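**Student:**
Numbering (the numbering used here), first residue to last: -12 to 128.
#1: Going straight from the alpha carbon of residue 125 to that of residue 51, what length do you get?
#2: Please tell me whether residue 62 and residue 94 are closer than 8 Å, where the distance is taken between their beta carbons.
#3: DSSP three-state call for residue 103: helix, strand or coil?
#4: Secondary structure at residue 85, three-state DSSP: helix, strand or coil?
#5: Mind checking residue 44: buried by the 16 CB within 10 Å criterion, or exposed?
#6: Buried or exposed: residue 122, going by 16 or more other Cβ atoms within 10 Å of its Cβ?
#7: Assign residue 107 to one of two classes, buried (16 or more other C-beta atoms within 10 Å of its C-beta) or exposed (fewer than that).
#8: Given a cut-off of 8 Å on the beta-carbon distance, is the pair residue 87 and residue 58 in contact?
#9: Using C-beta distances below 6 Å, list every residue in its chain close to residue 76, excluding the 5 sequence neighbours before and after it, in chain order.
#10: What number of angstroms, rounded off, separates the C-alpha of residue 103 from the C-alpha of residue 112?
#11: Going by DSSP in three states, residue 127 sits in which element: helix, strand or coil?
#12: Taking only the alpha-carbon atoms, compute the straight-line gap between residue 47 and residue 90 and give it to the nearest angstrom.
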């Protein structure tokens, strides 16, 4: 097909194949490789964020909610950092190591706070935070 004197070959199959399998070194290919490289860290961060949101919500329903204020705050901070680190890893951001290092520190603090409480949701959150701490520390190397 000719448009303004230029020849264009419209081959949908070729176009789709290029989208599905980008050229090596292309931004899409680099993003896919980063996502695979960081998959365990992304999963740990996503799982931890979910556990933290669950813990914060459950803490709000406890009778001694005032004594759980620090736990709730750390849960929310931790969830936010986990989402940020997960996104950085998924994008292959140049800030991944720094964000994962910060995420590990917050996860460690959140785990320590949750371990002070007897609630099952706090115990589950602490475990998720400990796993995420380990993954993020390894990603920050």
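C-beta: ideal position from N, C-alpha, C; glycine also.
Model, not experiment: these values are computed from the prediction.
**Tutor:** Inspection of the coordinates gives the following:
#1: As a first step, residue 125 is located in the chain shown; it is residue number 138 there, counting from the start. As a first step, residue 51 is located in the chain shown; it is residue number 64 there, counting from the start. Taking the straight line from one Cα to the other gives about 36 Å.
#2: By 1-based counting over the chain shown, the position of residue 62 is 75. By 1-based counting over the chain shown, the position of residue 94 is 107. No. Outside cutoff.
#3: Here residue 103 is taken as the residue at index 116 of the chain shown, counted from 1. Here residue 103 sits in coil by DSSP.
#4: In the chain shown, counting from the first residue as 1, residue 85 sits at position 98. Looking at residue 85 - three-state DSSP - the assignment turns out to be helix.
#5: Stepping through the chain shown from its first residue, residue 44 is reached at position 57. Answer is exposed; the Cβ neighbour count stays below 16.
#6: The count along the chain shown starts at 1 and reaches residue 122 at position 135. Classification of residue 122: buried, given that the 10 Å Cβ count is 16 or more.
#7: Along the chain shown, one-based indexing puts residue 107 at 120. Exposed, by the Cβ-count rule.
#8: For the purposes of this step, residue 87 is identified with residue 100 of the chain shown, where counting begins at 1. For the purposes of this step, residue 58 is identified with residue 71 of the chain shown, where counting begins at 1. For residue 87 and residue 58, no; Cβs fall outside 8 Å.
#9: In the chain shown, the residue the question calls residue 76 occupies position 89. Excluding residues within five positions, the ones whose Cβ falls inside 6 Å are 25, 28, 29 and 83.
#10: What you label residue 103 is simply residue 116 of the chain shown in a count that begins at 1. What you label residue 112 is simply residue 125 of the chain shown in a count that begins at 1. In a straight line, the C-alpha of residue 103 is about 12 Å away from that of residue 112.
#11: Residue mapping note: residue 127 aligns to position 140 of the chain shown, counting from 1. Coil at residue 127, not helix or strand.
#12: In the chain shown, counting from the first residue as 1, residue 47 sits at position 60. In the chain shown, counting from the first residue as 1, residue 90 sits at position 103. A direct Cα-Cα distance of roughly 24 Å separates residue 47 from residue 90.
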